[in-house]
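Counting in full-length UniProt numbering, the sequence shown runs without a single skipped number right up to 371 at its last residue.
The C-beta atom is built at its ideal place from N, Cα and C for all residues, glycine as well.
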Amino acid sequence: MEAVLNNVPFAHRAFAIADASSVAFARRGAVDAAREVGLSETNAGRVALVVTEAATNILKHAGQGEILVRGLHTAEPDPFGSYAGASGVAGVEVFALDNGPGIGDLNAAFADGHSSTGTPGTGLGAIRRLSDELSVYSQAGIGTAIRALVQTGSQDPARSGTLDIGMIGVCYPGETVCGDAWAINTDTQGLTLLVVDGLGHGVDAHRAAASAVGILQLNPGRPPAELLERMHDALRPTRGAAGAVARIDLAAATVTFAGIGNISGCVIAEHDAGFDPAGRTRGAGTSPSRQLVSHNGIVGHTMRKTQEFTAPWPRGCMLVMHSDGIGTRWDVARYPGLSHRPAALIAAVLYRDFSRRHDDATVVVVKANHV
């Protein structure tokens, strides 16, 4: 059976913003995404205006940057209403990312008529009015990340439940399909997350990743190591992949992880969360964290050993998993206040600053909401 992720909302379209023509290109791509997920012409028009304002702001204030767009497909509700596209809601997610000077006063920037460049101040205020959800993170001298959501419903499904889940996935430059993939299964006990990176890039890598996603979808609630073994069998006809599976058990307050190849995983706890010091890494200004270990190998070809590792999952902590298209030298604590922002915005900042730009790149963030 041909394995293709036709309807899985796991990849963003990326548009480099460097001049006025790139603004128009990003706007057209965003409207295409809106129509593909069935948004009305009115809502597609809102998406177009959000992208235009966001991209124009990048040019005015940072000179260059990037717009990411992802269509969120309608799906049946999951037990937690926990991730975008999973609560009977269709929409378009827009990120505007730059490494410009940052926004000194966010409250003023949202005010109608405010401008720091001598131009009409219509940007952030207009984006807020046009969006159903909006979140912003800006750091002086580092840059700004904006996430806007235009959708058919009234509540952001990524943030409505026990877990807040956000991701960024971008194809290798020039490709139309992504060799990385991610997938989530939820049940009444918790959540299982897969991040997979098909070897290489393009269609063959995409097929390998899609095969792994299919195994997760057919085997809900199974332990991570068992899922990897099943994926190993399923991926034998493909070029293979690196893959990692994390299982969050809400009742036990644990996360269990198993990985093969270069998929990175890390659990980050708040300072006061009582995090188990075993396996914890600390540095100046860092939060307690535990790296989750993957073994060498290729799922589908050479997988000699699978091993599960378990870490605490206290309230307020987060899980970060990413492919090797994202560098590993990041530290969320170096971004003051970022850990309190939505998971999708955290993923966007990590992508902006640590994407290698010459590979498929995927980063998924899961936060335990304070409930």
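Extent of the continuous alpha helix (DSSP H) to which residue i belongs
i, result
"Gly29", "20-36"
"Ile346", "343-354"
"Pro224", "224-234"
"Ala55", "41-61"
"His13", "In the sequence as displayed, the identity of residue 13 is Arg instead of His. Not the alpha helix (DSSP H): Arg13 falls in the beta strand (DSSP E), residues 13-17."
"Arg128", "123-130"
Contact under 8 Å by Cβ, residue i with residue j
i, j, result
"Ile268", "Ala244", "no"
"Ala54", "Ile142", "no"
"Gly71", "Val94", "no"
"Asp360", "Asp98", "no"
"Ile248", "Trp330", "no"
"Ala246", "Pro224", "yes"
"Arg46", "Val150", "yes"
"Ile326", "Ser294", "no"
"Gly316", "Ala368", "yes"
"Gly100", "Gly63", "yes"
"Ser138", "Gly179", "no"
"Val69", "His12", "yes"
"His73", "Val37", "yes"
"Ile298", "Leu227", "no"
"residue 444", "Ala16", "The requested residue 444 is not part of the displayed model; the chain covers only 1 to 371."
"Gly300", "Thr238", "yes"
"Leu250", "Thr310", "no"
"Gly265", "Leu235", "no"
"Pro342", "Asp164", "yes"
"His201", "Glu229", "no"
"Ala344", "Gly166", "yes"
"Ala212", "Leu193", "no"
"residue 411", "Arg35", "There is no way to answer for residue 411, as the model of the chain reaches only from 1 to 371."
"Asn57", "Ala96", "yes"
"Leu59", "Thr152", "no"
"Ala145", "Gly104", "no"
"Leu216", "Ala252", "no"
First through last residue of the beta strand (DSSP E) which encompasses residue i
i, result
"Lys367", "361-368"
"Ile146", "143-151"
"Tyr335", "From DSSP, Tyr335 is part of no beta strand (DSSP E); its letter is neither H nor E."
"His322", "318-322"
"Val299", "From DSSP, Val299 is part of no beta strand (DSSP E); its letter is neither H nor E."
Residue(s) in a DSSP beta bridge with residue i
i, result
"Asp105", "Its beta-bridge partners do not exist; DSSP assigns none."
"Gly71", "Val92"
"Thr310", "Thr256"
"Asp98", "Thr144"
"Arg247", "Thr192, Thr256"
"Arg65", "Note that residue 65 is Gly in the sequence shown, not Arg. Gly65 pairs with Ile17."
"Ala242", "Asp197"
Exercise for the section: State whether the region 133-143 contacts the region 168-184, with contact taken as three or more CB pairs (one from each stretch) at a distance under 8 Å. Expected result: Between the region 133-143 and the region 168-184, the count of C-beta pairs closer than 8 Å stays below three; the two stretches do not touch.
Handout entry: Contained beta strand (DSSP E) runs [length at least 3] in the region 162-233, N- to C-terminal order
Key = Segments of the beta strand (DSSP E) lying fully in the region 162-233: 163-170, 180-186, 190-198.
Problem - the region 39-50 contacting the region 192-208, beta-carbon criterion three pairs below 8 Å - result: They do not touch, by the three-pair rule.
Problem - At least three beta-carbon pairs within less than 8 Å, the region 319-328 to the region 345-364 - result: With the cut-off at 8 Å, the region 319-328 and the region 345-364 touch.
Practice task
Count the CB pairs spanning the region 293-305 and the region 348-359 that are closer than 8 Å, and state whether there are at least three.
Solution key: A contact between stretches requires three or more CB pairs, one per stretch, nearer than 8 Å, and the region 293-305 fails this requirement with the region 348-359.
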